[in-house]
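S.K.: Top line first, the protein sequences correspond to chains W and V. In this text, residue positions in the first sequence follow our numbering: the first is 28, and each later residue adds one. In this text, residue positions in the second sequence follow our numbering: the first is 28, and each later residue adds one.
There are 2 protein chains.
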Amino acid sequence: MLKISELSARTGLSTHTLRYYEKHGLISASERSEAGYRYYSDTDVRRVEFVRTARHIGFSLNDILDLLSIRLDKSRHSCQEVTDITEAKLAEVNARIAELQSMRQTLQILLDSCCGGPESATHCSIMEALEAEQEAEVEKDRRLGSDAR
Amino acid sequence: MLKISELSARTGLSTHTLRYYEKHGLISASERSEAGYRYYSDTDVRRVEFVRTARHIGFSLNDILDLLSIRLDKSRHSCQEVTDITEAKLAEVNARIAELQSMRQTLQILLDSCCGGPESATHCSIMEALEAEQEAEVEKDRRLGSDAR
DNA sequence: ATAAACCTTAGAGTCAGGTCTAAGGTCAAC
DNA sequence: GTTGACCTTAGACCTGACTCTAAGGTTTAT
Ligand SMILES: [Zn+2]
Ligand SMILES: [Zn+2]
Ligand SMILES: [Zn+2]
Ligand SMILES: [Zn+2]
Numbered sequence: 028m029l030k031i032s033e034l035s036a037r038t039g040l041s042t043h044t045l046r047y048y049e050k051h052g053l054i055s056a057s058e059r060s061e062a063g064y065r066y067y068s069d070t071d072v073r074r075v076e077f078v079r080t081a082r083h084i085g086f087s088l089n090d091i092l093d094l095l096s097i098r099l100d101k102s103r104h105s106c107q108e109v110t111d112i113t114e115a116k117l118a119e120v121n122a123r124i125a126e127l128q129s130m131r132q133t134l135q136i137l138l139d140s141c142c143g144g145p146e147s148a149t150h151c152s153i154m155e156a157l158e159a160e161q162e163a164e165v166e167k168d169r170r171l172g173s174d175a176r
Numbered sequence: 028m029l030k031i032s033e034l035s036a037r038t039g040l041s042t043h044t045l046r047y048y049e050k051h052g053l054i055s056a057s058e059r060s061e062a063g064y065r066y067y068s069d070t071d072v073r074r075v076e077f078v079r080t081a082r083h084i085g086f087s088l089n090d091i092l093d094l095l096s097i098r099l100d101k102s103r104h105s106c107q108e109v110t111d112i113t114e115a116k117l118a119e120v121n122a123r124i125a126e127l128q129s130m131r132q133t134l135q136i137l138l139d140s141c142c143g144g145p146e147s148a149t150h151c152s153i154m155e156a157l158e159a160e161q162e163a164e165v166e167k168d169r170r171l172g173s174d175a176r
């Protein structure tokens, strides 16, 4: 049986975070001392490590709640339920990557258009692009060949 | 001179957001009626549109504060200051993309390993990977050939 | 003159995932 | 038998960018 600070040392999660996870139903300590001290069994520890691993991969705490309820009784759940959660996460990640790649493209075009030199920004094409209505997007489309889409 | 709801209609930013931007020093109305109603001049409108365009590209409100102070007196600022901000943003975006791509890779490996079928999750390799200490990462490294890095 | 549609402010709430504090109780070692 | 390290709780605070509410004041059209 580990005390919370020992579990913290072992998992790398702060005691604050462990209590936070408990409050949100992700983990628990199977025993408490008379004074209320949390004591974690091996089973508790494995659950915490499951949460930490899932969190590290990028699952949200809500995703992890779903995964944990499957974990609690695997025989009553299917592989498909697991892949559904995983695929939903992958779709989120892909959507976010696409947004960021669009941002990157725009930023790169802006950088390519600016001299970046030490002289006055009165002629700066980045500033001009930000002034102009949707100009950056238009320029981006032109460069990428929007009609090839 | 536009009233706030007219500016809202024109820019697509809510009146709440416009007031929020004002409170944070991004924009302002150059006139107020006796009762305190905001009235926006063409110059004000262009500033709001600048903010909206920069926001749309992905700059944070703090980035935009910096860009606005350059915009206010371009002759006292250089192209380099502008590219510094833009490059910093690009670096942030690239870092975030790298994180997400790592997540994507892990999720894809998990999905590849699981049958995704309707039978019991007792044998589910995704669940196993989440149970096992760092196993997913190890598997990922193996597949990608970590020694080739 | 009155109703609808607008405007004002300060301040609270939202999301996620923590992070920290205050005020106090407990336990081990010396 | 007391120091110091640990533990407990409820609840406040943080980031960022909004979003909304309450309670009231103004404008415009009829
Ligand atoms: Zn230049
Ligand atoms: Zn420039
Ligand atoms: Zn299966
Ligand atoms: Zn499976």
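For every residue, glycine included, the Cβ atom is placed at its ideal position computed from N, Cα and C. Model, not experiment: these values are computed from the prediction.
Please compile the residues from chain W whose C-beta is within a distance smaller than 8 Å of the C-beta of R131(V).
M.R.: L117, V120, N121 and I124
S.K.: Listing by chain order, which chain W residues have their CB less than 9 Å from the CB of R98(V)?
M.R.: A148, M154, L157 and E158
S.K.: Can you check DSSP and say which residues form a bridge with Y64(V)?
M.R.: Answer is none; Y64(V) lacks a bridge partner.
S.K.: Have a look at A156(V) and L137(V) and give me their C-alpha separation to the nearest angstrom.
M.R.: 8 Å
S.K.: Starting from S129(V), follow its DSSP beta bridges and name the residues at the other end.
M.R.: S129(V) pairs with nothing; no bridge assigned.
S.K.: Would you say I153(W) touches ligand 2, meaning its beta carbon is less than 6 Å from a heavy atom?
M.R.: In terms of side-chain proximity, the C-beta atom of I153(W) is found nearer than 6 Å to a non-hydrogen atom of ligand 2.
S.K.: Going by the C-beta, is C106(W) closer than 6 Å to any heavy atom of ligand 2?
M.R.: no
S.K.: In this structure, how does DSSP classify E58(V) when only helix, strand and coil are distinguished?
M.R.: strand
S.K.: So the alpha helix (DSSP H) F77(V) belongs to, where does it begin and stop?
M.R.: D69 to I84
S.K.: Cα separation between S129(V) and S87(W)?
M.R.: 16 Å
S.K.: Per DSSP, what are the beta-bridge partners of S35(W) in this structure?
M.R.: According to DSSP, S35(W) bridges with nothing at all.
S.K.: State the Cα-Cα distance for the pair T113(V) and C141(W), rounded to the nearest angstrom.
M.R.: 10 Å
S.K.: If you measure from the beta carbon of A56(V) to each beta carbon in chain W, is any gap under 7 Å?
M.R.: No, A56(V) does not count as interfacial toward chain W.
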